[in-house]
Amino acid sequence: MSATPVLALRDVSKSFGSIEVLHGVTLALEPGTVHALIGENGAGKSTTMKIMAGYQLPSKGDVQLDGAPVRFNSLHEGEMAGIVMIHQEFNLAEQLTVEQNIFLGRELKRGPLLDKAEMRRRTRDYLDRVACNVSPDALVSSLSNSDKQMVEIAKALSRDARVLIMDEPTAVLTKRETDVLFKQVAALRAAGTAVLFTSHKLDEVAEISDHVTIMRDGAVVHSGPSSDISEDEMATAMVGRDVSDLYPAKPGVERGAPEVLSVENLSVPGFASNVSFSLRQGEILGLGGLIGSGRTEVMEGLAGLRPATSDRVTLFGQPLQFKQPSDAQQAGLCYLTEDRKLRGLLLERGMRENLTLQNLHKFGGFLIDRGAEETALTHAISEFDIRAGSRDVRVGNMSGGNQQKLLLAKIMLSEPRILIVDEPTRGIDIGTKQQIYAFLRKLADQGHAIIVITSEMPELIGLADRVMVMRLGEVSGTLNAGEITEDAIVRLSMGLRAEQMPMTA
Amino acid sequence: MTDVTTPHTKSFRMPSMSVLGPIIALIVLLVIGALMNSNFLSAANITNVLARSAFIGIIAVGMTFVITAGGLDLSVGSMAAFIAGLMILVMNAALPSLGVGVPIILLGMFTAIVAGLLAGLLNGFLITALGIEAFIVTLGSMGIYRSLVTWLADGGTLSLDFGLRSFYRPVYFDGILGVSWPIIVFALVVVIGEIIMSRTVYGRHCAATGSNEHVAHYSNVNVNRTRLISYAALGILVGIATIMYVPRLGSASASTGVLWELEAIAAVIIGGTVLKGGFGRVWGTVIGVLILSLIGNILNLTDFVSPYLNGAIQGIIIILAVILQRERKTAL
Numbered sequence: 000m001s002a003t004p005v006l007a008l009r010d011v012s013k014s015f016g017s018i019e020v021l022h023g024v025t026l027a028l029e030p031g032t033v034h035a036l037i038g039e040n041g042a043g044k045s046t047t048m049k050i051m052a053g054y055q056l057p058s059k060g061d062v063q064l065d066g067a068p069v070r071f072n073s074l075h076e077g078e079m080a081g082i083v084m085i086h087q088e089f090n091l092a093e094q095l096t097v098e099q100n101i102f103l104g105r106e107l108k109r110g111p112l113l114d115k116a117e118m119r120r121r122t123r124d125y126l127d128r129v130a131c132n133v134s135p136d137a138l139v140s141s142l143s144n145s146d147k148q149m150v151e152i153a154k155a156l157s158r159d160a161r162v163l164i165m166d167e168p169t170a171v172l173t174k175r176e177t178d179v180l181f182k183q184v185a186a187l188r189a190a191g192t193a194v195l196f197t198s199h200k201l202d203e204v205a206e207i208s209d210h211v212t213i214m215r216d217g218a219v220v221h222s223g224p225s226s227d228i229s230e231d232e233m234a235t236a237m238v239g240r241d242v243s244d245l246y247p248a249k250p251g252v253e254r255g256a257p258e259v260l261s262v263e264n265l266s267v268p269g270f271a272s273n274v275s276f277s278l279r280q281g282e283i284l285g286l287g288g289l290i291g292s293g294r295t296e297v298m299e300g301l302a303g304l305r306p307a308t309s310d311r312v313t314l315f316g317q318p319l320q321f322k323q324p325s326d327a328q329q330a331g332l333c334y335l336t337e338d339r340k341l342r343g344l345l346l347e348r349g350m351r352e353n354l355t356l357q358n359l360h361k362f363g364g365f366l367i368d369r370g371a372e373e374t375a376l377t378h379a380i381s382e383f384d385i386r387a388g389s390r391d392v393r394v395g396n397m398s399g400g401n402q403q404k405l406l407l408a409k410i411m412l413s414e415p416r417i418l419i420v421d422e423p424t425r426g427i428d429i430g431t432k433q434q435i436y437a438f439l440r441k442l443a444d445q446g447h448a449i450i451v452i453t454s455e456m457p458e459l460i461g462l463a464d465r466v467m468v469m470r471l472g473e474v475s476g477t478l479n480a481g482e483i484t485e486d487a488i489v490r491l492s493m494g495l496r497a498e499q500m501p502m503t504a
Numbered sequence: 000m001t002d003v004t005t006p007h008t009k010s011f012r013m014p015s016m017s018v019l020g021p022i023i024a025l026i027v028l029l030v031i032g033a034l035m036n037s038n039f040l041s042a043a044n045i046t047n048v049l050a051r052s053a054f055i056g057i058i059a060v061g062m063t064f065v066i067t068a069g070g071l072d073l074s075v076g077s078m079a080a081f082i083a084g085l086m087i088l089v090m091n092a093a094l095p096s097l098g099v100g101v102p103i104i105l106l107g108m109f110t111a112i113v114a115g116l117l118a119g120l121l122n123g124f125l126i127t128a129l130g131i132e133a134f135i136v137t138l139g140s141m142g143i144y145r146s147l148v149t150w151l152a153d154g155g156t157l158s159l160d161f162g163l164r165s166f167y168r169p170v171y172f173d174g175i176l177g178v179s180w181p182i183i184v185f186a187l188v189v190v191i192g193e194i195i196m197s198r199t200v201y202g203r204h205c206a207a208t209g210s211n212e213h214v215a216h217y218s219n220v221n222v223n224r225t226r227l228i229s230y231a232a233l234g235i236l237v238g239i240a241t242i243m244y245v246p247r248l249g250s251a252s253a254s255t256g257v258l259w260e261l262e263a264i265a266a267v268i269i270g271g272t273v274l275k276g277g278f279g280r281v282w283g284t285v286i287g288v289l290i291l292s293l294i295g296n297i298l299n300l301t302d303f304v305s306p307y308l309n310g311a312i313q314g315i316i317i318i319l320a321v322i323l324q325r326e327r328k329t330a331l
């Protein structure tokens, strides 16, 4: 590795407000190599890529181009330097054609007029190179996700990129499309382009990359040639971390605890199929799997929040089917959304109105009893240790941890006997996390049954009595108390063969 | 992280400009009016202004709910014209069998309310069940009702039978203790509307739906039903406004209720309800309605500014109101 890196990060840190999310990241991209960046959700991969592409500036450290420090003040400056980034969320104008998108901002002209013929010819040429069969005149909004991905790549080709950065490019592609993409990546590599990409599919990383960098908690934990590390070692490096007393003790589910929920072949069209599981009183069931594996949608389907079908759902011994979420609430089953800002709370409103929104029927018949609402808020503030500047603060101005506590307080007003919490600790500090874990365990000890959906491996291991893992819309395995290890969960969610482990679906 | 828990702080807060703005504007208009014309504050003039405001006002209260829940209804003006035409046709047709009397008036009123309810339900159904944008649906129904009334009147005017008209007249011109019926009905609608908006579960659900329909859905609020009810209620209120309006002129034509929708929406916005939904107040809408009619009244009573500039001044007030709303957002 003697070549000068075309683009590099040297000891880069990044803070948002008072929270540092990247700690001294060093990463070098060499011409003609494919570099894979892997890590769990939230490990800092996206931020790292955005800093490299000029979307964000580092708080500390340098971005170096051809060995010299540079400062990209905008994405445009990055692109001028030959760095092109393809986002997970596409950056295409939906109402424009493929050709208009590819030449957006750099339209070819002939005198004062657009040279449409030439742009169309070149567009077809770029599309041919990625074996993409769409017409240059097709509207982007009419394309499938994989075609959009290919158009993005064609657009990058048209930029003559020296560095191509791709955030999970294969997430939306089929196996065949992935092969086409990799052929194109190989061609770019041969032409001397430096390619950086992220993926959750470790087999792909092993297949296409020359160099792999593994991140965990905002820091690089491993960096080296891909040939020197096995897929298993990658998985171990991604997750291995110490979890000591962050989690409450697990007393274990009582032997004779009754089954409170049993689900047979629950399917949510487009997201999940034939999911079966059961839940016992006092149990915390962890639900793992990658984002997009259908775990959220399955539970939303169960709670009546989106259309779902099933052979049989039994709640407390009674067969039930929830047509709308209020039916589920009435039966004692509540789902707490993962997205507290867009689905959980009215950010423009105060705590009182948010707290009682789901249970207004408990606060008076026709007229709302504001006094009772205030009492409930006082109670919630002390029980959930909500720390807000004042009682009538706008919820949008509260910290993430306090918002999450308010959300928990809101759902607990429904007095659920079965509680499904989705990413209960996303983006909140460790102290609040601990409080939330303790609260969930206390609920379970009181005889509630809880399902915790989470992307955080340690959370599954530290909190759950049993872990179910989903992959591509199906249950890929269930791990009982003794079998819950990081390794086993990663294997199940990555689709690696399970070794020395029973597959109970 | 540096938050301090203060369990009970009910500090006094200066009402923001979005609260004070419309009230101050109303007071300023009253003072200007009183200074410019001694007749302005006379009982006759005030009653006249209020009675004329009542039609738009009754509709605007319904519009407040629709907008608060994140919707919009452009069809109310045409809907009023259509309902007025329908009501006149029904009453004229029933005249030979029922004769002039209370039953035929009740039949007319019933027709207006049922027609309003159905028209509102139709708008609401298309918007909620079929998921078409409110702007598009009501732009369409606006054209449909306007055209239907023109067709019913065969391009001319539908007139209530003369005998019936004089019997029905008191509904607009009479009242209790010198307060005319339209004002009484308007006041009732306002009081009930304000209570529903600020004190009931339905009002809270409207605000939640307009504020963020995903949050509302995930909080088990039936978003579609909330919206449907708001359109249906608006339809009924349009029917009630028409019941008050028909005895005034005793006729309906293609030009009945023209631009009512815009006046109603303007009144709602001037009153501080947020156009994109999520926050509404009925009392504010009342002030908005009064401001709009006072401007017209003052221009008519004084020769300081040409009455032809009425629209321009209303336009300025509407834009000012929205600027005040934006300040509220950044200030808080």
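For the protein sequence lines, the chains are A and B, in the order given. Numbering-wise, numbering that gives the first Met the number 0 puts 452 at position 453 of the first sequence, and it's gapless, one number per residue. Numbering-wise, numbering that gives the first Met the number 0 puts 192 at position 193 of the second sequence, and it's gapless, one number per residue. Each residue gets a CB set at the ideal place from its N, CA and C atoms; glycine is no exception. All values derive from a computational prediction rather than experimental measurement.
Any beta carbon from chain B within less than 7 Å of Pro324 of chain A's own beta carbon?
On the first sequence, residue 324 of chain A is found 325 positions in, with the first residue counted as 1. A Cβ of chain B is located within less than 7 Å of the beta carbon of Pro324 of chain A.
Helix or strand or just coil, what does DSSP make of Met397 of chain A?
What you label residue 397 of chain A is simply residue 398 of the first sequence in a count that begins at 1. Coil, per DSSP.
Environment of Arg240 of chain A [buried if 16+ CB atoms lie within 10 Å]:
The residue given as residue 240 of chain A occupies position 241 in the first sequence. Because Arg240 of chain A sits at a pLDDT of 49, beneath the cut-off of 50, its placement in the model cannot be relied upon, and the following sentence gives the value as read from the coordinates. By the C-beta density criterion, Arg240 of chain A is exposed, having fewer than 16 other C-beta atoms within 10 angstroms.
Beta-carbon within less than 7 Å of Met86 of chain B's beta-carbon, same chain only, minus the 5 sequence neighbours each way: which residues are those?
Numbered from its first residue, the second sequence carries residue 86 of chain B at position 87. Here the set comprises Gly107, Thr110, Ala111, Thr241, Val245.
With 16 as the cutoff for other CB atoms within 10 Å, does Asp136 of chain A come out buried or exposed?
As a working mapping, residue 136 of chain A is identified with position 137 in the first sequence. Asp136 of chain A comes out exposed.
Please state whether the Cβ-Cβ distance between Leu26 of chain A and Thr212 of chain A is less than 7 Å.
For the purposes of this step, residue 26 of chain A is taken as the residue at position 27 of the first sequence. For the purposes of this step, residue 212 of chain A is taken as the residue at position 213 of the first sequence. Cβ atoms of Leu26 of chain A and Thr212 of chain A: closer than 7 Å.
Hey, how far is the Cα of Ile235 of chain B from the Cα of Gly119 of chain B?
Locating residue 235 of chain B in the second sequence gives position 236, where the first residue counts as 1. Locating residue 119 of chain B in the second sequence gives position 120, where the first residue counts as 1. About 7 Å.
Does the segment 195 to 205 of chain B come into contact with the segment 214 to 232 of chain B, if we say contact requires no fewer than three beta-carbon pairs (one atom in each stretch) closer than 8 Å?
yes
Is the CB of Ser218 of chain B under 7 Å away from at least one CB in chain C?
Judged by its chain identifiers, the structure shown contains no chain C, and its protein chains are A and B.
Please determine if the segment 69 to 82 of chain B and the segment 135 to 147 of chain B are in contact, where contact requires at least 3 C-beta pairs separated by less than 8 Å.
yes
Against Ala207 of chain B, what residues of chain A qualify as contacts under a CB-to-CB distance less than 7 Å, listed in chain order?
Working through the second sequence from its first residue, we reach residue 207 of chain B at position 208. Neighbours of Ala207 of chain B on chain A, chain order: Leu345, Leu356.
What residues in its chain sit with their C-beta under 6 Å from that of Ala443 of chain A, if we drop five residues either side in the sequence?
The residue you call residue 443 of chain A lines up with position 444 of the first sequence. Excluding sequence neighbours, Ala443 of chain A sits near Gly281, Ile283, Ile449.
Kindly indicate if chain B contains any beta-carbon less than 7 Å away from that of Leu366 of chain A.
Numbered from 1 along the first sequence, position 367 holds the residue referred to as residue 366 of chain A. Closer than 7 Å to some Cβ of chain B, the Cβ of Leu366 of chain A qualifies, so yes.
Host alpha helix (DSSP H) of Ala236 of chain B (start-end)
The count along the second sequence starts at 1 and reaches residue 236 of chain B at position 237. Sequence inspection shows Leu at residue 236 of chain B; the Ala mentioned does not correspond to that position. Looking at the DSSP string, the run of the alpha helix (DSSP H) that includes Leu236 of chain B is 222 to 248.
Pick helix, strand or coil for Asp464 of chain A, following the three-state DSSP scheme.
One-based indexing of the first sequence puts residue 464 of chain A at position 465. Reduced to three states, the DSSP call for Asp464 of chain A is coil.
Once DSSP output is grouped into helix, strand and coil, what is the label at Ile315 of chain B?
Here the question's residue 315 of chain B lines up with position 316 in the second sequence. Note: Ile315 of chain B maps to helix in three-state DSSP.
At 3 residues or longer, what runs of the beta strand (DSSP E) sit wholly inside the segment 28 to 55 of chain A?
Correct list: 33 to 38.
What separation, rounded to the nearest whole angstrom, lies between the Cα atoms of Glu485 of chain A and Ala185 of chain A?
In the first sequence, the residue the question calls residue 485 of chain A occupies position 486. In the first sequence, the residue the question calls residue 185 of chain A occupies position 186. About 33 Å.
Thr173 of chain A at chain B interface by Cβ criterion, 7 Å:
Against the first sequence, residue 173 of chain A aligns to sequence position 174. Taking Cβ atoms only, chain B never reaches closer than 7 Å to Thr173 of chain A, which makes this a no.
Let me know if Met79 of chain A comes out buried or exposed under the rule of 16 or more other beta-carbons within 10 Å of its beta-carbon.
By 1-based counting over the first sequence, the position of residue 79 of chain A is 80. Using a 10 angstroms sphere on the CB of Met79 of chain A, the tally of other CB atoms stays under 16, which defines it as exposed.
Within 10 angstroms of its Cβ, does Glu414 of chain A collect 16 or more other Cβ (buried), or is it exposed?
Taking the first sequence and counting its residues from 1, one reaches residue 414 of chain A at position 415. So Glu414 of chain A ends up on the exposed side.
Taking only runs that begin and end inside the segment 79 to 130 of chain A, name each unbroken alpha helix (DSSP H) of 4 or more residues, in chain order.
97 to 101, 115 to 128
Helix, strand or coil at Val321 of chain B according to DSSP, with G and I counted as helix:
Counted from its first residue, the second sequence places residue 321 of chain B at position 322. Note: Val321 of chain B maps to helix in three-state DSSP.
To which residues of the same chain is Thr32 of chain A closer than 7 Å at the C-beta, ignoring the five residues directly before and after it?
Mapped onto the first sequence, residue 32 of chain A falls at position 33. Cβ within range, chain order: Arg188, Ala193, Asp209, His210.
If we cut at 7 Å on Cβ distances, does Thr374 of chain A have a partner in chain B?
As a first step, residue 374 of chain A must be located in the first sequence, where it is residue number 375. So, not an interface residue.
Might you give, ordered along the chain, the residues of its own chain that have their beta carbon closer than 8 Å to the beta carbon of Leu354 of chain A, omitting 5 neighbours on each side?
Mapped onto the first sequence, residue 354 of chain A falls at position 355. The residues are Glu372, Ala375, Leu376, Ala379, Leu405, Ala408, Lys409, Leu412.
At a CB-CB cut-off below 8 Å, which residues of chain A make contact with Arg198 of chain B?
The count along the second sequence starts at 1 and reaches residue 198 of chain B at position 199. In chain order: Leu366, Ile367.
Using a cut-off of 9 Å between C-beta atoms, extract the partners of His360 of chain A located in chain B.
Taking the first sequence and counting its residues from 1, the one referred to as residue 360 of chain A is at position 361. Within chain B, the residues near His360 of chain A are Val200.
Comparing alpha-carbon positions, which option in B:Leu28, B:Val65, B:Leu49 lies nearest Phe278 of chain B?
Along the second sequence, one-based indexing puts residue 278 of chain B at 279. Looking at the Cα atoms, B:Val65 is the closest of the given residues.
Starting from Thr313 of chain A and walking both ways along the beta strand (DSSP E), at which residues does that stretch end?
Locating residue 313 of chain A in the first sequence gives position 314, where the first residue counts as 1. Where Thr313 of chain A is concerned, the enclosing beta strand (DSSP E) stretches over 311 to 314.
Separation of Thr197 of chain A from Val242 of chain A, as counted between CA atoms:
Here residue 242 of chain A is taken as the residue at index 243 of the first sequence, counted from 1. Here residue 197 of chain A is taken as the residue at index 198 of the first sequence, counted from 1. Confidence at Val242 of chain A is low in this model, with a pLDDT of 40, below 50, so the placement of that residue should be treated as unreliable; the coordinate-derived value is given next. So the two alpha carbons sit approximately 26 Å from each other.
Simplified DSSP assignment, three categories, for Asp241 of chain A:
For the purposes of this step, residue 241 of chain A is identified with residue 242 of the first sequence, where counting begins at 1. With a pLDDT of only 43 at Asp241 of chain A, under the threshold of 50, the placement of this residue in the model should not be trusted; the figure read from the coordinates follows. If DSSP states are grouped into helix, strand and coil, Asp241 of chain A belongs with coil.
For Asp72 of chain B and Ala152 of chain B, the rounded distance between their alpha carbons
Here residue 152 of chain B is taken as the residue at index 153 of the second sequence, counted from 1. Here residue 72 of chain B is taken as the residue at index 73 of the second sequence, counted from 1. Answer to the nearest angstrom: the Cα atoms are 24 Å apart.
Does the Cβ-Cβ distance between Tyr334 of chain A and Ala302 of chain A come in under 7 Å?
For this step, residue 334 of chain A is matched to residue 335 along the first sequence. For this step, residue 302 of chain A is matched to residue 303 along the first sequence. Taking 7 Å as the Cβ cut-off, Tyr334 of chain A and Ala302 of chain A qualify as a contacting pair.
Please give me, in chain order, every unbroken run of the beta strand (DSSP E) with length at least 3 that falls completely inside the segment 410 to 462 of chain A.
The segment 410 to 462 of chain A contains these whole beta strand (DSSP E) runs: 417 to 421, 448 to 452.
Express the C-alpha separation of Arg294 of chain A and Ser492 of chain A in angstroms, rounding to a whole number.
To locate residue 492 of chain A, count along the first sequence from 1; it is residue 493. To locate residue 294 of chain A, count along the first sequence from 1; it is residue 295. Each residue's Cα considered, the two are about 11 Å apart.
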